[in-house]
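Q: Residue numbers (our numbering), protein chains in the order written: chain A, 1 to 213; chain B, 214 to 324.
Sharing a structure, written as structure tokens. Questions coming.
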């Protein structure tokens, strides 16, 4: 009986949203960098579940593949490459904790008041037609990235002509592609230059400054 | 009304996004490990993504952003990957030069 009465959409939203929020807070509270990486993985994975619930199944899949599968693996490699014993656990000073709790709670209060303060955000548009299973956005997103908005075919002709250069996402797609190329070249350059950048450190040591300062 | 029966609206998505955002900002502010600061940035970007997807969802709003929300979320994911790659390269370079990952020790540019 209770199974039939429960709204499974609400149940799964509370499940995924709760996991995302709890593990995000856990990332903040722990001071162990390895545990932070694991909690962040769980939090971002639960966020992918939220994306699926909102009907953005392509974004959810990309979240799992790029974020959880790519970016976080990169971060974990960074953790492993710098994992000396004194850097695993770096505690924050308690004064900073007090200040951050004050700032964080006031910021969260402000954002929550704003989120629940708008009437049109508190009502669902079509509450009876909740058919998440038919969400198919991958084709439309692919067409939009090549400049064709298949979801905006009903927009009148005059408006589409006025917005001709702006309606698709071809230009941002190209820009982001070039940006990724530049970033890859820059990251390879930065990560490579160990021998070239060692010299300033040796000069500083030769000047007699204490290394602990 | 039990929370299991409450109707999930855009406001609930915004609440989850707000929690992710605030925890990310506090991570950036309080962590002393440079990689912890990076994880805070990832949390902030994910909070923004939750908001984009919620406003673009046609199941939650009668007049949604539509595909624009999904596309902006995808661009944010790509930018986050790029930012993580560059920031990790900088952090490893800093670690190689200073043999520490503590951001409080990064005072070479102090005037």
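All residues carry an ideal CB built from backbone N, CA and C; glycine is no exception.
Using a threshold of 7 Å, state whether the C-beta atoms of residue 163 of chain B and residue 321 of chain B are closer than that.
A: Residue 163 of chain B is absent from the structure shown; chain B starts at 214 and stops at 324.
Q: Spell out whether any CB of chain A is found under 7 Å from the CB atom of residue 241 of chain B.
A: Translated into positions along the second chain, residue 241 of chain B becomes position 28. Chain A contact via Cβ: absent.
Q: Sorted by chain position, which residues of the same chain lie with C-beta nearer than 6 Å to residue 213 of chain A's C-beta, five sequence neighbours on each side aside?
A: Within the first chain, residue 213 of chain A is the residue found at index 213, counting from 1. Residue confidence for residue 213 of chain A is low, a pLDDT of 42 falling below 50, so the modelled location carries little weight and cannot support an answer.
Q: To the nearest angstrom, report how far apart residue 9 of chain A and residue 70 of chain A are at their CA atoms.
A: The count along the first chain starts at 1 and reaches residue 9 of chain A at position 9. The count along the first chain starts at 1 and reaches residue 70 of chain A at position 70. Straight-line Cα distance between these residues: approximately 29 Å.
Q: Pull out every residue of the stretch 49-72 of chain A whose Cβ sits closer than 7 Å to any Cβ of chain B, in chain order.
A: Flagged, chain order: 50, 51, 54, 55, 56, 58, 59, 62, 63, 66, 67, 70, 71.
Q: Which residues, in chain order, does the stretch 217-236 of chain B contribute to contact with chain A at a C-beta distance below 9 Å?
A: Listed in sequence order: 217, 218, 219, 220, 221, 222, 223, 224, 225, 226, 227, 228, 229, 230, 231, 232, 233, 234, 235, 236.
Q: Just to make sure I have the definition right: I need the residues of chain B whose C-beta is within less than 9 Å of the C-beta of residue 102 of chain A. Which are they?
A: In the first chain, residue 102 of chain A corresponds to position 102, counting from 1. Correct list: empty, because the minimum Cβ distance to chain B is about 11 Å.
Q: For residue 89 of chain A, does the three-state DSSP call read helix, strand or coil?
A: Taking the first residue of the first chain as position 1, residue 89 of chain A is located at position 89. Here residue 89 of chain A sits in strand by DSSP.
Q: Can you name the start and end residues of the alpha helix (DSSP H) that residue 340 of chain B belongs to?
A: The first residue shown for chain B is 214 and the last is 324, placing residue 340 of chain B beyond what the model contains.
Q: On the premise that residue 14 of chain A lies in contact with residue 42 of chain A, defined as a C-beta separation below 8 Å, what is that separation, rounded to the nearest angstrom?
A: Within the first chain, the letter at position 42 stands for residue 42 of chain A. Within the first chain, the letter at position 14 stands for residue 14 of chain A. Rounded, the Cβ-Cβ distance is 16 Å, inconsistent with contact.
Q: Classify residue 189 of chain A: buried if its beta carbon has 16 or more other beta carbons within 10 angstroms, exposed otherwise.
A: The residue you call residue 189 of chain A lines up with position 189 of the first chain. Exposed is the call here.
Q: For residue 151 of chain A and chain B, any beta-carbon pair shorter than 7 Å?
A: As a working mapping, residue 151 of chain A is identified with position 151 in the first chain. Closer than 7 Å to some Cβ of chain B, the Cβ of residue 151 of chain A qualifies, so yes.
Q: Quick check: the Cα distance between residue 33 of chain A and residue 86 of chain A, rounded to an integer number of angstroms?
A: For the purposes of this step, residue 33 of chain A is identified with residue 33 of the first chain, where counting begins at 1. For the purposes of this step, residue 86 of chain A is identified with residue 86 of the first chain, where counting begins at 1. Cα to Cα, residue 33 of chain A sits roughly 11 Å from residue 86 of chain A.
Q: Taking only the alpha-carbon atoms, compute the straight-line gap between residue 81 of chain A and residue 278 of chain B and give it to the nearest angstrom.
A: Position 81 of the first chain, counted from the first residue, corresponds to residue 81 of chain A. Position 65 of the second chain, counted from the first residue, corresponds to residue 278 of chain B. Between residue 81 of chain A and residue 278 of chain B, the C-alpha separation is close to 42 Å.
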